[in-house]
Amino acid sequence: MLTAENREQISELINREISRLNPGLLSQTLTLKEAKTLADLAQKKALEIGVPIAVSIADPHGQQILFHRMENTLPVSAQLATDKAHTAATFRMTTEELGKLAQPGEMLFGVQANIGGRVVIFGGGIPCCRDGAVIGAIGVSGGTAYQDVQIAERALDLFSNKPEPVSEEG
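For the numbering used here, add 1 to where a residue sits in the sequence shown, where the first one is 1.
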């Protein structure tokens, strides 16, 4: 039986080989390890300001990589965090920016009523970029839209300013 540690080691070996055979392929999406780091950074900020949150990390296609919910989070926050990450990844913009474009008279008016009801048009979903490309997104829910944005921005800021991991090759 494989343990979680064995699975992670196997995953790292596979990713290393894929990177060797096709450089750049895996760098276009967040890894599970990076997703965990982002979620941890979001939780740290949430604890700092006293807001229990749910956080979802999605790949560039809007598919969930990781979900984390703190104790005492509002029940609706789980779905909202997931949909915020999905929206930010697939629209390649913050949910707050999309909200401005979804107002009456704007070019995306009514978009939130389409696409299976997953589109969120208020703050808390932010794309994560590397070298100008969207590699995923974070969705935070639990506080006000302002607090959710504040938490997501802080997590991404700390994540972006971390030094690049050192290659384990040669």
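The C-beta atom is built at its ideal place from N, Cα and C for all residues, glycine as well.
N-terminal and C-terminal residue of the alpha helix (DSSP H) that residue i is part of
i, result
"R155", "146 to 161"
"I50", "33 to 50"
"G137", "Segment 134 to 142 is the beta strand (DSSP E) holding G137; no alpha helix (DSSP H) there."
"P76", "76 to 92"
"G100", "96 to 102"
Beta-carbon proximity of residue i to residue j, cut-off 8 angstroms
i, j, result
"A79", "G140", "no"
"L31", "D60", "yes"
"I136", "Q64", "no"
"D149", "G111", "no"
"I134", "L42", "The sequence given here has Ala at residue 134, not Ile. Not in contact: A134 and L42 (Cβ atoms no closer than 8 angstroms)."
Selection from the options that minimises the alpha carbon distance to residue i
i, options, result
"K37", "L67, G111, F123, V52", "L67"
"K85", "M108, S161, A146", "A146"
"L109", "I127, F92, G124", "F92"
"E98", "G126, I11, L75", "G126"
"D132", "S161, R70, E154", "S161"
"A55", "H69, H62, L42", "H69"
"D158", "L39, E107, L75", "L39"
"E35", "A138, Q151, G106", "A138"
"C129", "S57, E6, I11", "S57"
"A152", "M94, I50, E13", "Residue identity differs from the one stated: residue 152 is Ile in this sequence, not Ala. Nearest of M94, I50, E13 to I152, Cα basis: I50."
Proximal residues to residue i (C-beta, below 8 angstroms), its chain only, five neighbours per side dropped
i, result
"V77", "S142"
"G117", "none"
"E72", "P53"
"Q113", "A103, V120, V121, I122"
"E107", "K101"
Where the beta strand (DSSP E) containing residue i begins and where it ends
i, result
"H62", "Where H62 is concerned, there is no enclosing beta strand (DSSP E), given that its DSSP letter is neither H nor E."
"G126", "126 to 131"
Own chain partners of residue i with C-beta closer than 6 angstroms, once the 5 adjacent residues on each side are dropped
i, result
"V121", "D84, K85, T88, T96"
"G144", "V52"
"H62", "none"
"E18", "none"
"T4", "none"
Contacting residues, own chain, Cβ-Cβ under 7 angstroms from residue i (five flanking each side not counted)
i, result
"E154", "I127"
"T74", "P53, I54, A55, G143"
"L33", "I66, L67"
"E9", "none"
Quiz prompt | At least 3 beta-carbon pairs within less than 8 angstroms: the stretch 93 to 113 vs the stretch 43 to 59 | solution = no
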